[in-house]
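Quick notes on the structure that follows.
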Amino acid sequence: MKYSAEYTVMDREALMQAVQMRMSERRFKHVLGVEETAVALAERFGESPEKASIAALTHDYAKERSDEEFQLAIDQGNFENKTELLKYGNAIWHGLVGADFVARELSITDEEILNAIRLHTTGSAEMTLLDKIIYVADYIEPGRNFPSVEDARVIAFSDLDQAVAFETKHTLAHLVEGESPIYPKTIETYNRWVAGIK
Numbered sequence: 001m002k003y004s005a006e007y008t009v010m011d012r013e014a015l016m017q018a019v020q021m022r023m024s025e026r027r028f029k030h031v032l033g034v035e036e037t038a039v040a041l042a043e044r045f046g047e048s049p050e051k052a053s054i055a056a057l058t059h060d061y062a063k064e065r066s067d068e069e070f071q072l073a074i075d076q077g078n079f080e081n082k083t084e085l086l087k088y089g090n091a092i093w094h095g096l097v098g099a100d101f102v103a104r105e106l107s108i109t110d111e112e113i114l115n116a117i118r119l120h121t122t123g124s125a126e127m128t129l130l131d132k133i134i135y136v137a138d139y140i141e142p143g144r145n146f147p148s149v150e151d152a153r154v155i156a157f158s159d160l161d162q163a164v165a166f167e168t169k170h171t172l173a174h175l176v177e178g179e180s181p182i183y184p185k186t187i188e189t190y191n192r193w194v195a196g197i198k
């Protein structure tokens with residue numbers, strides 16, 4: 001895919017290299033799987049494949065950073081409820097805070113791309129088409145292997161809203177089962193996309 005230079009000064013190859021330097025081989029393989037899926041979903045539902053590619057390649061850019069680096073970024077950044085945010089770990093930080101690393105280090109400033117990175121683990125009550133694509137692509141990329149993944153893939157390519165609901169419901173069930181903390185935005189996502197509260 002040839003980038004237009006509208007969203008990043010880097011071409012796809014340079015962006016891939018910048019991302020790859022920041023993560024393990026296993027994580028990078030996941031990122032490429034998310035990109036492949038996101039571009040396919042973008043083509044299916046009428047989003048810019050270029051924006052989907054950039055957001056997908058950078059969605060886990062900060063995933064393997066240290067907790068200390070995230071905590072410092074939260075302390076120094078412009079985040080709401082910093083004290084509350086600090087109680088959560090990498091699972092939340094790498095999206096929400098990771099978007100700031102992407103903006104600062106990769107000079108990607110398109111707000112829609114950055115927001116898709118921010119929301120890719122939690123979702124939101126309000127989601128753009130790109131937000132939904134990255135959220136769903138992260139869940140169903142080819143490397144994922146869990147009992148209902150094939151169902152999730154079929155749903156994703158027929159109805160993106162239903163795919164968001166399916167993923168949110170299963171993610172929440174998994175978090176409850178593991179007695180894991182649930183970030184408030186995940187509850188918002190459930191209420192909007194699964195329970196249908198608008």
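Residue 185 in full-length UniProt numbering sits at position 185 of the sequence shown, and the numbers go up by one each step. Note that the Cβ used here is the ideal one computed from N, Cα and C, for glycine as well. None of the values given here were measured: they were computed from a predicted structure.
When the Cα atoms are used, Asp-110 and Ser-148 turn out to be separated by approximately 34 angstroms. In the structure shown, Pro-184 falls within a helical segment according to DSSP collapsed to helix, strand and coil. Distance from the CA of His-59 to the CA of Thr-189, rounded to the nearest whole angstrom, comes to 19 angstroms.
Sorting Ala-195, His-30, Ala-38 by C-alpha distance to the C-alpha of Ala-125 places Ala-195 at the top. In this structure, the straight-line span from the alpha carbon of Ser-158 to that of Gln-76 is close to 42 angstroms. Collapsing the DSSP output to three states places Gly-77 in coil. For Asp-131, the enclosing alpha helix (DSSP H) starts and ends at 129–140. Burial of Asp-138 is indicated by the presence of at least 16 other C-beta atoms within 10 angstroms of its C-beta. Ranking Val-176, Met-10, Asn-78, Leu-72 by CA distance to the CA of Ile-54 puts Met-10 first. Every alpha helix (DSSP H) stretch that sits fully inside the UniProt domain "HD/PDEase" (23–152) and reaches 4 residues is listed by chain position as 25–45, 49–58, 67–76, 82–85, 90–96, 98–106, 111–119, 129–140.
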